[in-house]
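Presented below is the structure to which this report refers.
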Amino acid sequence: MGVKEISASEELESLAVRFANEAIELERKGSKRIAVTKYQRAVELLLKLCSLYPTAPQNKVYMEHAEAYKKRVKELQSGSASIDHPAEAPDLRDSKSIKLDQWVLTEKPDISWDEIAGLERPKRAIEEAIIFPVRRPDLFPLGWPRGILFFGPPGCGKTLLAAAIASEIKGVFFCADAASLMSKWLGESERNVQQLFSKAREVSENTQPAIVFLDEVDSLMGVRGEEVGGEVRVRNQFLKEMDGILDKKKKFHVYVIGATNKPWVLDEPFIRRFQKRIYIPLPDIKARMDMFQVYSHDLKFGNNLDFAELARMTEGYSGGDIRDLFQSTQMKVVRDFFQSGRAGDNSATPDPIRMEDFQSILAARRPSVSSSNLKRYFDWDETFKAS
Ligand SMILES: Nc1ncnc2c1ncn2[C@@H]1O[C@H](COP(=O)(O)OP(=O)(O)OP(=O)(O)O)[C@@H](O)[C@H]1O
Ligand SMILES: [Mg+2]
Numbered sequence: 125m126g127v128k129e130i131s132a133s134e135e136l137e138s139l140a141v142r143f144a145n146e147a148i149e150l151e152r153k154g155s156k157r158i159a160v161t162k163y164q165r166a167v168e169l170l171l172k173l174c175s176l177y178p179t180a181p182q183n184k185v186y187m188e189h190a191e192a193y194k195k196r197v198k199e200l201q202s203g204s205a206s207i208d209h210p211a212e213a214p215d216l217r218d219s220k221s222i223k224l225d226q227w228v229l230t231e232k233p234d235i236s237w238d239e240i241a242g243l244e245r246p247k248r249a250i251e252e253a254i255i256f257p258v259r260r261p262d263l264f265p266l267g268w269p270r271g272i273l274f275f276g277p278p279g280c281g282k283t284l285l286a287a288a289i290a291s292e293i294k295g296v297f298f299c300a301d302a303a304s305l306m307s308k309w310l311g312e313s314e315r316n317v318q319q320l321f322s323k324a325r326e327v328s329e330n331t332q333p334a335i336v337f338l339d340e341v342d343s344l345m346g347v348r349g350e351e352v353g354g355e356v357r358v359r360n361q362f363l364k365e366m367d368g369i370l371d372k373k374k375k376f377h378v379y380v381i382g383a384t385n386k387p388w389v390l391d392e393p394f395i396r397r398f399q400k401r402i403y404i405p406l407p408d409i410k411a412r413m414d415m416f417q418v419y420s421h422d423l424k425f426g427n428n429l430d431f432a433e434l435a436r437m438t439e440g441y442s443g444g445d446i447r448d449l450f451q452s453t454q455m456k457v458v459r460d461f462f463q464s465g466r467a468g469d470n471s472a473t474p475d476p477i478r479m480e481d482f483q484s485i486l487a488a489r490r491p492s493v494s495s496s497n498l499k500r501y502f503d504w505d506e507t508f509k510a511s
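According to my numbering, the residues represented by the sequence shown are 125 to 511, in order.
Below is the structure:
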């Protein structure tokens, strides 16, 4: 990107942010008195912003922050603020600047492609869109997609797939979820987005591919953003960054994978930046059978166990639901074991899991995804599919 133009209001805003951050830092170190003067500077600047640009939409946020800092100053001056209890000043503490390193995945997740049951189509799409181009960019003279969106019901493997991609390919993997990007702090959320992308571009200029995984990417649209008025700016910043990496003239090796279970929250400009949109559906019967294999590791089963029947009974259940089912069933036999009083004997073991154990747990559990929601995913896929 070229030289950024910073308007006077942005300049003032960032100055205010800096003073407040310094104040928080000082407070943490115990320098309350200097912290007070920094907070006061921040308040002055915020009020100045409001008077210079009386019609700016952000004014409400500026005022709120100014009020919060004024209150903090009073607390510090009266000695009623306890810095030992972070809970007492949550919004101020939250605002500390985020360290980029926290987004870089240094240890590759220990999950392989084969541990993910089903999802054959998504896996193939991921190979074509990410794994092949990362390995052999020379084979893709016409380019390849840089933005990929996984969408679908909760608990079906979106986050799991991203982890498997990270362990599969060489490159720097940035992993940022909404919570770590969105800040209550004025202007900081979009700055986080900007920093994340500029770091990714920097990495990719050194010939290493960079993969940015944004979990719960819908929150960048702002419905859950906590900072009043901040959402539009975060969204716009994101669009701008996406355009930056899609720039045909620059060969950035940056991929952005977004995951969401609320695709309908996204607006069209946002959706368009993800050239590939991949539906991660509920597991079908074969995938459920495969999951049973994954989850029955280290479990003991009685000989009446019929996995094919269990697979039929779990129609509509997500991968997460199935993992929970196995966990709860195992828990049940252990509980029965303790209740029978046999646990005192160290050589005794719980009974093997019987079909009835699964049945009794299943009877008490509905699938976590409703059929009306499923239809919503299906409709969204029909409208926006690009796989
Ligand atoms: N295809 C799958 N194969 C094996 N296990 C799965 C699969 N899908 C889901 N699971 C299990 O369910 C858990 C939740 O899956 P994951 O976190 O990937 O869901 P998600 O699609 O990201 O959901 P959310 O939208 O709520 O973030 C996983 O940790 C795993 O145990
Ligand atoms: Mg997830």
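Think of the CB as a built atom: it goes at the ideal place given N, C-alpha and C, for glycine as much as any other residue.
Small disclaimer: the values here were computed from a predicted structure and weren't measured.
> If you draw a straight line from the alpha carbon of G203 to that of V228, how long is it in whole angstroms?
Replying inline: For this step, residue 203 is matched to residue 79 along the sequence shown. For this step, residue 228 is matched to residue 104 along the sequence shown. In a straight line, the C-alpha of G203 is about 39 Å away from that of V228.
> Relative to ligand 2, what is the chain-ordered list of residues with a Cβ closer than 6 Å to any of its non-hydrogen atoms?
Replying inline: Residues flagged by the Cβ proximity filter: K282, T283, D339, A383.
> By DSSP, does K294 sit in helix, in strand, or in coil?
Replying inline: In the sequence shown, the residue the question calls residue 294 occupies position 170. In the three-state reduction of the DSSP assignment, K294 falls in the coil class, being assigned neither a helical nor a strand state.
> Considering only residues of the same chain and omitting the five flanking positions on each side of V352, which have a CB-CB separation below 8 Å?
Replying inline: Along the sequence shown, read from residue 1 onward, the residue named residue 352 stands at position 228. In this prediction, V352 has a pLDDT of 49, which is less than 50 and means its spatial position is unreliable; what the coordinates show is noted afterwards. Closer than 8 Å at Cβ, skipping near neighbours: K184, V185, E188.
> In the DSSP assignment, what are the bridge partners of R271?
Replying inline: Translated into positions along the sequence shown, residue 271 becomes position 147. Looking at the sequence shown, residue 271 is not Arg but Gly. DSSP, once it has assigned bridges, lists V380 as partnering G271.
> Whose C-beta lies closer than 8 Å to the C-beta of I255 among residues of the same chain, with five residues either side of it excluded?
Replying inline: If you number the sequence shown from 1, residue 255 lands on position 131. Closer than 8 Å at Cβ, skipping near neighbours: I289, E292, I293.
>> Please state the DSSP three-state secondary structure of Y501.
In response: Translated into positions along the sequence shown, residue 501 becomes position 377. Reduced to three states, the DSSP call for Y501 is helix.
> Among the residues of its own chain, which have a CB less than 8 Å from the CB of W504, if the five just before and after it don't count?
Replying inline: Stepping through the sequence shown from its first residue, residue 504 is reached at position 380. Taken in chain order, the residues that qualify are F275, P387, W388.
> By Cβ distance below 7 Å, which residues in the same chain neighbour L136 in space, the five residues on each side in sequence not counted?
Replying inline: Residue numbering aside, residue 136 sits at position 12 when the sequence shown is read from its first letter. Within the same chain, L169, K172, L173 come within 7 Å of L136 by CB-CB distance, once the 5 residues on both sides are set aside.
>> As a quick exercise: from T473, R245, E439, Q332, pick the residue whose alpha carbon is nearest that of V458.
In response: Taking the sequence shown and counting its residues from 1, the one referred to as residue 458 is at position 334. Closest option to V458, Cα to Cα, is T473.
>> ligand 1 and C299: does any heavy atom of the ligand fall closer than 6 Å to the residue's C-beta?
In response: In the sequence shown, counting from the first residue as 1, residue 299 sits at position 175. No, since every heavy atom of ligand 1 falls outside the 6 Å radius drawn around the Cβ of C299.
> Hey, would you say L434 sits closer than 7 Å to F398, going by beta carbons?
Replying inline: On the sequence shown, residue 434 is found 310 positions in, with the first residue counted as 1. On the sequence shown, residue 398 is found 274 positions in, with the first residue counted as 1. Cβ atoms of L434 and F398: not closer than 7 Å.
>> Can you tell me whether R157 is helix, strand or coil according to DSSP?
In response: Numbered from 1 along the sequence shown, position 33 holds the residue referred to as residue 157. R157: helix per DSSP, three-state reduction.
>> For a test of your reading of the model: does the CB of M415 fall under 6 Å from any non-hydrogen atom of ligand 1? Yes or no.
In response: Sequence index remark: in the sequence shown, residue 415 carries index 291 (1-based). Relative to ligand 1, M415 has its C-beta within less than 6 Å of a heavy atom.
>> One question on the structure: do A192 and V167 come within less than 7 Å of each other, judged by their Cβ atoms?
In response: Stepping through the sequence shown from its first residue, residue 192 is reached at position 68. Stepping through the sequence shown from its first residue, residue 167 is reached at position 43. For A192 and V167, no; Cβs fall outside 7 Å.
>> As a quick exercise: from K499, E506, L266, pick the residue whose alpha carbon is nearest that of P277.
In response: For this step, residue 277 is matched to residue 153 along the sequence shown. Nearest option by C-alpha distance: K499.
> When the Cα atoms are used, what is the spatial distance from M413 to A432?
Replying inline: Walking along the sequence shown from the start, residue 413 turns up at place 289. Walking along the sequence shown from the start, residue 432 turns up at place 308. Going from the Cα of M413 to the Cα of A432 covers about 7 Å.
> Between the C-alpha atoms of D475 and N428, what's the straight-line distance to the nearest angstrom?
Replying inline: One-based indexing of the sequence shown puts residue 475 at position 351. One-based indexing of the sequence shown puts residue 428 at position 304. In this structure, the alpha-carbon of D475 lies about 13 Å from that of N428.
>> Just to confirm, is the Cβ distance from Q361 to E392 under 7 Å?
In response: For the purposes of this step, residue 361 is taken as residue 237 along the sequence shown, with counting starting at 1. For the purposes of this step, residue 392 is taken as residue 268 along the sequence shown, with counting starting at 1. No, they are not a contact pair.
> What are the start and end residues of the alpha helix (DSSP H) that includes K449?
Replying inline: Within the sequence shown, the letter at position 325 stands for residue 449. The sequence given here has Leu at residue 449, not Lys. Residues 443-463.
> Roughly how many whole angstroms lie between the Cα atoms of H377 and F450?
Replying inline: Here residue 377 corresponds to residue number 253 of the sequence shown, with the count starting at 1. Here residue 450 corresponds to residue number 326 of the sequence shown, with the count starting at 1. One alpha carbon belongs to H377, the other to F450, and they sit about 41 Å apart.
> With R401 and S511 assumed to form a contact (beta carbons below 8 Å), what rounded beta-carbon distance in angstroms separates them?
Replying inline: One-based indexing of the sequence shown puts residue 401 at position 277. One-based indexing of the sequence shown puts residue 511 at position 387. Contact between R401 and S511 is confirmed by a C-beta separation of about 7 Å, below the 8 Å threshold.
> Closest to E146 by CA distance: which of T161, G267, S464 is it?
Replying inline: Translated into positions along the sequence shown, residue 146 becomes position 22. For E146, the closest C-alpha among the options T161, G267, S464 is that of T161.
>> With the cut-off set at 7 Å, would you say L284 and I240 are in Cβ contact?
In response: The sequence position of residue 284 within the sequence shown is 160, counting from 1. The sequence position of residue 240 within the sequence shown is 116, counting from 1. Result yes, Cβ atoms of L284 and I240 sit closer than 7 Å.
> For S343, is the classification buried or exposed, using 16 other Cβ atoms within 10 angstroms of its Cβ as the cut-off for buried?
Replying inline: On the sequence shown, position 219 is the one that residue 343 refers to. In summary, S343 is buried, with 16 or more beta-carbon neighbours lying within 10 Å of its beta-carbon over all protein chains present.
>> Would K282 and A411 be called neighbours here (beta carbons separated by less than 7 Å)?
In response: Within the sequence shown, residue 282 is the residue found at index 158, counting from 1. Within the sequence shown, residue 411 is the residue found at index 287, counting from 1. Pairing K282 with A411 gives a Cβ-Cβ distance that is not under 7 Å.
>> Considering only their Cβ atoms, is the gap separating F337 from C280 smaller than 7 Å?
In response: Stepping through the sequence shown from its first residue, residue 280 is reached at position 156. Stepping through the sequence shown from its first residue, residue 337 is reached at position 213. With contacts defined as CB atoms closer than 7 Å, C280 and F337 fail to qualify as a contacting pair.
>> Assuming contact is defined by CB atoms lying nearer than 7 Å, are P333 and V258 in contact in what I supplied?
In response: Here residue 333 refers to the residue found at position 209 of the sequence shown. Here residue 258 refers to the residue found at position 134 of the sequence shown. A contact, by the Cβ cut-off of 7 Å.
> Beta carbon of P278: closer than 6 Å to some heavy atom of ligand 1?
Replying inline: If you number the sequence shown from 1, residue 278 lands on position 154. True, at least one ligand heavy atom lies under 6 Å from that Cβ.
> How is the alpha helix (DSSP H) around I250 delimited, first residue to last?
Replying inline: Locating residue 250 in the sequence shown gives position 126, counting from the first residue. Boundaries of the alpha helix (DSSP H) around I250: 244-250.
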